[in-house]
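*Asks:* Submitted below is the structure of interest, expressed as structure tokens.
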Amino acid sequence: MRAAVVSSFGGPEAVEIVEVASPEPGARQVRIKVSAAGLNPVDAGVRAGGFGGAGKRLGLGWDVAGVVDAVGVASGWSVGDEVVALAYGTAKPLGTHADQVVVDAGAVAVAPRSVDAVHAASLPLNALTAAQALDGLGLEPGRSLLVTGAAGAVGGYAVQLAARLGVHVTALAREGDEELVRSLGADRFVSGGVAPVSVDAVLDAAILGEDALEWVRDGGAFMGVIPGANPVSVRGVRTGAVEVAADGARLSELVALVDEGALTTRVAETYALDEVVKAHARLAEGGLRGRLVLVP
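What the sequence shown shows, in full-length UniProt numbering, is residues 1 to 296, in sequence order.
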């Protein structure tokens, strides 16, 4: 089968398609025939060497939507099940940017019924990151939250999930994105680096760091999206960063929200798996409003 990997670090041209043996699922694992797989900034980070692994061949891709085509013992899944999953890891030999991928059964959820596989593939990593970041903030209804990068993939899901919890959301995004983020449930909109009124918490999807921390009230909370990169606590503000975890049960809840119309999947462009270098180059250009998705 084909798989996108990096054997040496660099720009988009470092990604190559190689032929490898089809992986076999072990106990409590399933193999998924990939229908679509999201391309995320973390893939660019792996490609560029931001997570180490020099000298190894590293597989790319975390998100997958597809069909189970082989199961291990006690997996709880059946061949033919349409699923989505998160294949966690920055140093795995094979990722979801492939014809097939093996994942732990506990990372898998039934695919949404209301969207196609391409849109479903934009859900696992970004929605789980947003949901788990909000869990870490622990906001109660009526509290205030600033989401930076609110028009992005993680930020957009965070706005919708927080608004659903009854949290008052201020969205920080580019001027042209006001209509979008308000449609996702933001109460207030700010742009151009203008500081909002003091908020109870910040979910820093735009990775602004200390600049965003300044907008949290004394004793509030700050949650980043890059583990270990959150700013040092000041003024009694609790700071942290989410490290996304594969969680099929939680992913199932998010799938249900997609089918209810409460979560909006957004796809910017699709590329064939063989066009993965072009897809990485497009990701590097920035300005996307939705995920790039690879289709084998």
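Glycine residues also receive a C-beta, built at the ideal position from the N, C-alpha and C atoms.
#1: If you follow the beta strand (DSSP E) that residue 22 is in, where does it begin and where does it stop?
#2: Does residue 210 come out as helix, strand or coil in the three-state DSSP assignment?
#3: If the criterion is Cβ atoms closer than 9 Å, does the pair residue 167 and residue 184 meet it?
#4: Just list the residues that DSSP pairs residue 33 with in beta bridges.
#5: Applying the criterion that 16 or more other CB atoms from any shown protein chain within 10 Å of the CB defines a buried residue, is residue 65 buried or exposed?
#6: Would you give the residue range spanned by the beta strand (DSSP E) that residue 293 belongs to?
#7: Let me check understanding here. Comparing Cα to Cα, which of 260, 274 and 271 lies closest to residue 112?
#8: Considering only C-alpha positions, which residue in the set 124, 209, 236 and 173 is nearest to residue 301?
#9: Rounded to the nearest angstrom, how far is the Cβ of residue 199 from that of residue 170, given a contact under 8 Å?
#10: Between the Cα of residue 208 and the Cα atoms of 246, 186, 264 and 147, which residue gives the shortest distance?
#11: Between the alpha carbons of residue 227 and residue 272, how many angstroms are there, rounded?
#12: What are the boundary residues of the alpha helix (DSSP H) that residue 177 is part of?
#13: Can you find the residues in the same chain that come closer than 6 Å, C-beta to C-beta, to residue 255, ignoring five residues on each side of it along the sequence?
#14: According to the Cβ coordinates, are residue 31 and residue 102 closer than 9 Å?
#15: Would you list the residues sitting across from residue 148 in a DSSP beta bridge?
#16: Roughly how many whole angstroms lie between the Cα atoms of residue 98 and residue 1?
#17: In angstroms with no decimal places, state the Cα-to-Cα distance between residue 27 and residue 93.
#18: Figure out for me which residue from 142, 182 and 140 has the closest Cα to the Cα of residue 155.
#19: Is it right to say residue 224 is buried, meaning 16 or more other beta carbons lie within 10 angstroms of its own, or is it exposed?
#20: Please name the residue in 106, 115, 84 and 90 whose C-alpha comes closest to that of residue 100.
#21: Let me know if residue 197 comes out buried or exposed under the rule of 16 or more other beta-carbons within 10 Å of its beta-carbon.
#22: From the DSSP secondary-structure annotation, give me the bridge partner or partners of residue 58.
#23: Report the CB separation of residue 15 from residue 6 in whole angstroms; it is logged as a contact under 8 Å.
#24: Excluding the 5 residues flanking residue 127 on each side, which residues of the same chain have their C-beta closer than 7 Å to its C-beta?
#25: On the criterion of 16 or more Cβ atoms from any shown chain inside 10 Å, does residue 21 qualify as buried, or is it exposed?
#26: Tell me, to the nearest whole angstrom, how far the beta carbon of residue 9 is from that of residue 61; I am working on the premise that it is less than 8 Å.
#27: Report yes if the CB atom of residue 90 is closer than 9 Å to the CB atom of residue 34, and no otherwise.
#28: Between 67, 25 and 211, which has its C-alpha nearest residue 74's C-alpha?
#29: Name the DSSP bridge partner or partners of residue 17?
#30: Between which two residues does the beta strand (DSSP E) harbouring residue 238 extend?
#31: Could you spell out the range, first to last residue, of the beta strand (DSSP E) harbouring residue 82?
#32: Given that a residue counts as buried once 16 or more other Cβ atoms are within 10 Å of its Cβ, and exposed if not, what is residue 296?
*Replies:* Taking the definition as stated:
#1: That residue, residue 22, is in no beta strand (DSSP E); it is neither H nor E in DSSP.
#2: helix
#3: no
#4: 67 and 100
#5: buried
#6: 291-295
#7: 260
#8: There is no way to answer for residue 301, as the model of the chain reaches only from 1 to 296.
#9: 6 Å
#10: 147
#11: 31 Å
#12: No alpha helix (DSSP H) contains residue 177, which DSSP labels as neither H nor E.
#13: 109 and 112
#14: yes
#15: 172 and 204
#16: 7 Å
#17: 19 Å
#18: 182
#19: buried
#20: 84
#21: exposed
#22: 6
#23: 6 Å
#24: 157, 254 and 263
#25: exposed
#26: The Cβ separation is near 17 Å, so there is no contact.
#27: no
#28: 25
#29: 4
#30: 238-241
#31: 82-86
#32: buried
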